Amino acid sequence: MDESDFIFETENIKVGAAEYSRPVVITGHISNRDAYPRTTEINIVFPFYDRVSQSQSAVIYDDAFAFSFVPYSPRTISMPPFIETMMVCPGDSIHVELDFTELGKVVYSGRGAENNEKFNDFHMGYYLSKDWPGFAQMREDPEGKFVRIYKNAKEFSEAAKQRLAHHLSRLDDFIAEKHPGQELAILCRKEIEADYYSALIGGLLLYGQDGQEDVSSYFRIQDAEHLFNGDYMNSNLFELSSNIRNWSLGALNREEIIGLYADYPSLVHFLKKATKNDLLRQMMITDAYNQLLEANNVERFEECFSSFNDNVTFPLLKLSTRDRYMFKKEYRQNPKILSDAILNADKPQDGQGGFIKENEGLKLLKEIIAKEKEKVVYITVGAKWCPGSVNNIPYQQSLAADYQGKPLRIVNFYLDNMPDEVNSTSLGIENFHLTDAQRLGFDPILHLGRGIPFFILIDKEGVIVDFGNHLLASNPATREKIDDYLDK
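Next up, the structure:
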């Protein structure tokens with residue numbers, strides 16, 4: 113590289129006993145594949161602060177598949193829909209036997225086999241990770257009106273504590289019946305507690321916004337610090353650290369938050385003061401910097417890099433961010449490569465034959481792109497029940513009014529499952545209420561589960577040139593990007 117080029121430095125990584133650079137090899141065999149003959153590949157998901165670049169695929173050959181990757185740390189990954197959580201360590205060699213007639217049945221061999229078999233039992237029979245109370249849960253009152261189940265933050269936090277006690281009781285059952293080792297028992301407890309704190313923080317922040325309640329007494333950052341010891345990186349610690357970052361910023365007003373994000377070294381300084389736990393501090397800083405990469409803003413990431421480089425030394429955090437930076441850098445330089453991969457994800461690749469099932473979500477997206485050539489397309493994926501989507505509507509309507517007569521199409525993909533208003537127009541805005549098949553088609557490609565509203569910007573040649581949560585109609589930078597692609 114030329115000396116003037118940006119270089120992602122990794123010299124200050126703290127190397128532990130785990131030998132972070134050693135790869136993991138996972139091999140697998142499938143029994144009764146005829147049950148799902150159209151399944152042509154197996155996927156592994158590596159949770160991190162990202163969206164598109166978080167998975168690896170292996171094509172199935174002769175009922176077999178294989179993966180090789182560097183985990184950077186002892187951590188948990190998943191192989192949906194067969195394995196919800198899997199433990200891997202640097203240097204592991206694991207073989208997996210899957211039965212397509214019994215999707216929950218997994219047999220392991222190799223290093224860590226016993227722990228993984230019991231970990232799978234824990235998830236399949238003892239713990240439902242999504243079974244937590246939520247801010248948006250509703251019930252029908254005697255008058256037929258839908259009201260929130262938990263009226264205020266106090267009721268919600270008490271319900272979350274009760275659910276935590278239930279899950280810990282089920283963990284005791286698991287330990288008594290399956291006799292896991294101490295290491296696995298600790299890992300399972302850690303996973304339950306991390307999910308509890310994430311659900312608690314997420315709900316409390318919404319109660320604070322909605323009812324303007326003082327929710328500060330229901331959670332302290334110190335309560336969750338013990339989970340961040342670095343022995344194993346549970347997948348849900350990424351979400352928890354992101355929620356804790358949001359919690360720490362919740363004490364500030366909007367102008368103060370905007371000021372911090374305008375000066376990343378100041379943001380890092382603020383996050384460093386929020387906790388005494390070194391790993392949690394590094395994870396919150398990593399999350400903040402990955403928001404720049406989430407927004408495909410590699411230039412700003414490079415400008416602010418020194419503060420990240422000085423404060424993040426944990427291998428998994430630093431090297432995963434490096435991988436993601438390189439991925440985003442390549443996308444910014446040539447978006448057509450990733451765009452083609454997304455838009456052609458429903459076409460068979462080499463060795464897959466003709467068994468790819470048509471993706472209804474992609475089919476709709478491609479129909480939208482093909483409808484009118486030589487136009488920029490700005491798509492919002494949202495829902496009428498989503499506050500962020502509803503708040504974005506006036507700005508979107510203003511955008512439509514300001515760009516009338518210009519080669520710009522504004523499209524809404526709603527996740528409401530409502531049959532009305534299909535392809536209706538308002539101020540030239542096209543609305544589509546997605547079917548379940550269309551919505552599920554988008555999920556594995558754009559990972560919409562991370563949150564809506566989500567946006568897609570497509571240039572006049574039909575290339576996805578930007579995507580993510582950052583392209584809000586209220587964001588002046590969004591208009592600048594639209595203007596740029598209208599001029600090209």
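Taken in order, the sequence shown gives residues 113 to 600; the numbers are from the working numbering.
Even glycine gets a Cβ: it sits at the ideal position worked out from N, Cα and C.
No experiment lies behind these values; they were computed from the predicted model shown.
Identify which residue in N389, Q516, G342 has its Cα closest to the Cα of D335.
Per the C-alpha coordinates, the member of N389, Q516, G342 positioned closest to D335 is N389.
Under DSSP, the alpha helix (DSSP H) around T398 begins and ends at which residues?
It spans 390–406 - the alpha helix (DSSP H) in which T398 sits, taken as one unbroken run.
Buried or exposed, going by whether 16 or more other CB atoms sit within 10 Å of the CB of D473?
According to the sequence as given, residue 473 is Gly; it is not Asp. The Cβ neighbour count for G473, taken over all protein chains shown within 10 Å, is at least 16; the residue is labelled buried.
Counting along the chain, where does the alpha helix (DSSP H) carrying E229 start and finish?
Element bounds for E229: 225–237.
Rounded to the nearest angstrom, how far is the Cβ of F120 from that of R436, given a contact under 8 Å?
A Cβ-Cβ distance of about 10 Å is found for the pair F120 and R436, leaving them out of contact under the 8 Å criterion.
Assuming Y220 is part of the alpha helix (DSSP H), what are its boundary residues?
Boundaries for Y220: no alpha helix (DSSP H) harbours it, while the beta strand (DSSP E) harbouring it runs 214–222, taken from the DSSP string.
On the DSSP bridge assignment, give the partners of H545 in chain order.
In the DSSP output, where bridge partners are listed per residue, H545 has Y526.
Use the C-beta contact count for M250: other C-beta atoms within 10 angstroms, 16 or more gives buried, fewer gives exposed.
Under this definition M250 is an exposed residue.
Starting from A170, follow its DSSP beta bridges and name the residues at the other end.
Beta-bridge partners of A170 (DSSP): I154.
Determine the direct distance from the alpha carbon of Q394 to that of N124, and round the result to whole angstroms.
Using only the alpha carbons, I get a separation of about 13 Å.
CB of K600 within 9 Å of CB of D571, strictly
Yes; because the gap between Cβ atoms is below 9 Å, this pair is in contact.
Within 10 angstroms of the Cβ of K302, are there 16 or more other Cβ atoms? Answer buried if so, exposed if not.
Flag for K302 reads buried.
Do F566 and V493 count as a contact pair if the criterion is CB distance below 9 Å?
The answer is yes: Cβ separation under 9 Å.
Run through the DSSP bridge pairs and tell me what T425 is partnered with.
BP columns for T425 are empty, so no partner.
Out of A457, C498, K496, A225, which one is the CA nearest neighbour of K478?
Comparing Cα positions, the closest option is A457.
Just how far apart, CA to CA, sit N535 and L215?
With a pLDDT of 48 at N535, under the threshold of 50, the modelled position of that residue is not reliable, and the figure given next carries that caveat. CA-CA distance, N535 to L215, rounds to 38 Å.
Alpha carbon to alpha carbon, what distance is there between D146 and V410?
In this structure, the straight-line span from the alpha carbon of V410 to that of D146 is close to 45 Å.
So S269 packs on Y220, CB below 8 Å; how close in whole Å?
Wrong, their Cβ atoms sit about 38 Å apart, outside the cutoff.
Are there 16 or more other CB atoms within 10 angstroms of the CB of D204, so buried, or fewer, so exposed?
D204 counts as buried, since at least 16 other C-beta atoms from the protein chains shown sit within 10 angstroms of its C-beta.
By Cβ distance below 6 Å, which residues in the same chain neighbour F467 in space, the five residues on each side in sequence not counted?
Only weak support is given to the placement of F467: the predicted model assigns it a pLDDT of 45, under 50, and the value that follows is read from those uncertain coordinates. Excluding positions up to five away in sequence, the list reads R150, T152.
Taking the alpha-carbon of P105 as reference, which of N587, H381, D174 has the nearest alpha-carbon?
Past the edges of the chain, shown from 113 to 600, lies residue 105, and the structure says nothing about it.
Three-state class that DSSP yields for T197 in the structure shown
DSSP places T197 in strand when its eight states are reduced to three.
According to DSSP, which residues form a beta bridge with Y376?
Per DSSP, none; premise fails for Y376.
Would you say L339 and A386 are within 9 Å of each other, going by their C-beta atoms?
A386 is positioned such that its CB atom lies no closer than 9 Å to that of L339.
Close Cβ partners of E351 (< 7 Å) along its chain, the five nearest in sequence each way excluded
The residues are S310.
Around the C-beta of N264, are 16 or more other C-beta atoms found within 10 angstroms, so that it is buried, or is it exposed?
Under a 10 Å Cβ-count criterion, N264 is classified as exposed, with fewer than 16 other Cβ atoms of the shown protein chains found around its own Cβ.
Buried/exposed call for E196, threshold 16 Cβ in 10 Å
Answer is buried; the Cβ neighbour count reaches 16.
Straight-line CA distance for Q324 to P499?
Straight-line Cα distance between these residues: approximately 16 Å.
Ends of the beta strand (DSSP E) at A176?
Residues 176–181.
When we look at the beta-carbon of F258 and count the other beta-carbons within 10 Å, is it buried (16 or more) or exposed?
Result: exposed.
On the three-pair Cβ rule with 8 Å, is the segment 172–181 touching the segment 230–241?
By the criterion of at least three beta-carbon pairs nearer than 8 Å, the segment 172–181 is not in contact with the segment 230–241.
Among the candidates H235, I206, K217, whose CA atom is the shortest distance from the CA of G224?
Here the closest residue by C-alpha is I206.
If you run the structure through DSSP and keep just helix, strand and coil, what is G473?
In the structure shown, G473 sits in a helix (DSSP, three-state: H, G or I).
Grab me the residues of L276's own chain with a C-beta within less than 6 Å of its C-beta, minus the 5 sequence neighbours each way, in chain order.
Leaving aside the five residues that flank L276 on each side, the residues in its chain whose CB is nearer than 6 Å to its CB run, in chain order, Y308.
Exposure of K485, with buried meaning 16 or more beta-carbon neighbours within 10 Å
It counts as exposed.
Look up I570 in the DSSP assignment and give the residues it is bridged to.
In DSSP, I570 forms a bridge with V489, I576.
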